[in-house]
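Q: Structure incoming, see below.
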DNA sequence: CACCGTGGTTCCCTTTTGGTAACTTGCTCC
DNA sequence: GGAGCAAGTTACCAAAAGGGAACCACGGTG
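Chains as they are written, first to last, in our numbering: chain A, 1 to 136; chain B, 1 to 136.
Below is the structure:
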């Protein structure tokens, strides 16, 4: 098997040439997590302040209980958020962002702000494309 | 249907309170495109310089022809890349990044660089999590 | 006692995503 | 005339992601 599998040809930080196999590519690994349907929503909410499970559900009403649990577990697993159980009358659970999570979200928010600012242009491009390619 | 569907509670740029329904949420819309398995790889390659179809295949050997075509179409549709056909002997097609694409990639590269730098820490967190939650 | 609110888990099903392989059009090379 | 390259398209499938509804334990409350 002399066929190389390339992740990214060179490092974005150092510029040096690197070859990653698909299983060890940092970018695929990290992107894979934040590309979940709900991950950015949850990270965004928790970047503001800690929230309890129920509060997050109310913040993002169209998420299912199942997906909320799963998304939170995945984010916790990668070290982006902390899960703290408080032994209250009905035990409550609070989720909060870790320093690692904040530092990721800091970078990620660049993309989110870009999206907010340029959404109109993207929609326009899409409409133009659909008009020409689709109609003709 | 008086249940509101919230995208993000407030604007990241202006801080004002906003409610988006899921179909008009800029962030979901843009993230949805970026989160494809191959999108970032292709954007990354084309941020360096224009490439032809075949060259992209060679750069990313584990992408199938079908997915390469589809990813390129999607990126073109949203206005991130241009597709130029050259009437050479066998007609060749060159893909290049648009200004819109560059501006997106500029924001996105923050995340990619973060991933490169912090991949180790993420892997560590994951290992710790698997050791405690998984083993007990 | 039955019911509510916590924060989940489980099962099952549908949708989406991506992979494989074969076929296409036009031209060139041998 | 067959083979090959360019850039796709098409049909068919497998895997993964996600949705829906039901279930759990716990204590408090009417």
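Every residue gets a Cβ at the ideal spot worked out from N, C-alpha and C, and that includes glycine. Nothing here was measured: the structure is a model prediction, and the numbers come from that model.
Which residue or residues does DSSP assign as beta-bridge partners of residue 52/A?
A: Its beta-bridge partners are 94/A.
Q: With 16 as the cutoff for other CB atoms within 10 Å, does residue 116/A come out buried or exposed?
A: Residue 116/A should be labelled buried.
Q: Does residue 122/A come out as helix, strand or coil in the three-state DSSP assignment?
A: Three-state result, residue 122/A: helix.
Q: Which residues in the same chain as residue 36/B place their Cβ atom closer than 8 Å to its Cβ, once the five residues preceding and following it in sequence are excluded?
A: So the list reads 71 and 74, once near-sequence residues are dropped.
Q: Measuring CB atoms only, is the stretch 93 to 100 of chain A touching the stretch 46 to 54 of chain A, in the sense that at least three cross pairs come out at less than 8 Å?
A: At 8 Å Cβ cutoff, the stretches touch.
Q: Using a C-beta to C-beta distance shorter than 7 Å, which residues of chain A count as neighbours of residue 65/B?
A: Simply none; closest approach about 16 Å.
Q: Between which residues of its own chain and residue 127/B is the CB-CB distance below 8 Å, once the five residues before and five after are set aside?
A: Once the five neighbours on either side are set aside, residue 127/B has no close Cβ partner at all.
Q: Have a look at the DSSP bridge pairing and note the partners of residue 78/B.
A: Bridge partners of residue 78/B: none, in fact.
Q: Taking its Cβ as the centre, do 16 or more other Cβ atoms sit within 10 Å of residue 118/A, making it buried, or is it exposed?
A: Label assigned to residue 118/A: buried.
Q: Let me confirm a value: residue 39/B is counted as buried when at least 16 other C-beta atoms fall within 10 Å, else exposed. Which label applies?
A: The residue is buried, with at least 16 neighbouring Cβ atoms inside 10 Å.
Q: Residue 101/B: buried (16+ other C-beta within 10 angstroms of its C-beta) or exposed?
A: So residue 101/B counts as buried.
Q: Do residue 78/B and residue 111/A come within 7 Å of each other at the CB atom, strictly closer than that value?
A: Cβ distance not < 7 Å, so residue 111/A and residue 78/B don't count as in contact.
Q: What three-state label does DSSP hand residue 60/A in the structure shown?
A: Coil.
Q: Between the C-alpha atoms of residue 129/B and residue 114/A, what's the straight-line distance to the nearest angstrom?
A: Their Cα atoms are separated by approximately 33 Å.
Q: Measure how close the beta-carbons of residue 105/A and residue 43/A come, nearest whole angstrom, since I'm counting them as under 8 Å.
A: Residue 105/A to residue 43/A, Cβ: 5 Å. Contact.
Q: Looking at C-alpha atoms only, which residue of 64/B, 80/B and 67/B is the closest neighbour of residue 103/B?
A: Checked all of 64/B, 80/B and 67/B; the closest Cα to residue 103/B is 80/B.
Q: Locate the alpha helix (DSSP H) running through residue 32/B, then write down its first and last residues.
A: Residues 26 to 34.
Q: Within 7 Å of any Cβ in chain A, is that where the Cβ of residue 129/B sits?
A: It does; some Cβ of chain A falls within 7 Å.
Q: Determine the chain A residues that contact residue 26/B at a beta-carbon separation under 7 Å, and present them in chain order.
A: Simply 115, 116 and 119.
Q: Compare the C-beta of residue 43/B against all C-beta atoms of chain A and say whether one is closer than 7 Å.
A: No - not a single Cβ of chain A is within 7 Å of the one on residue 43/B.
Q: For residue 111/A, would you say it is in contact with chain B, using Cβ-to-Cβ distances shorter than 7 Å as the test?
A: Taking Cβ atoms only, chain B reaches closer than 7 Å to residue 111/A, which makes this a yes.
Q: Rounded C-beta distance between residue 76/B and residue 83/B? I'm assuming under 8 Å.
A: Yes, residue 76/B and residue 83/B are in contact; Cβ-Cβ is about 5 Å, under 8 Å.
Q: Residue 136/B: buried (16+ other C-beta within 10 angstroms of its C-beta) or exposed?
A: Per-residue confidence for residue 136/B stands at a pLDDT of 47, beneath the threshold of 50, marking its modelled position as unreliable; the derived number appears in the next sentence. Exposed, because fewer than 16 other Cβ atoms sit within 10 Å of the Cβ of residue 136/B.
Q: For residue 9/A, which three-state DSSP category applies?
A: Because residue 9/A carries a pLDDT of 49, less than 50, the predicted location of this residue cannot be relied on, and no value is offered for it.
Q: With 8 Å as the C-beta to C-beta threshold (strictly closer), list the residues of the stretch 51 to 78 of chain B near chain A in chain order.
A: Answer in chain order: 59, 60, 61, 62, 76, 77 and 78.
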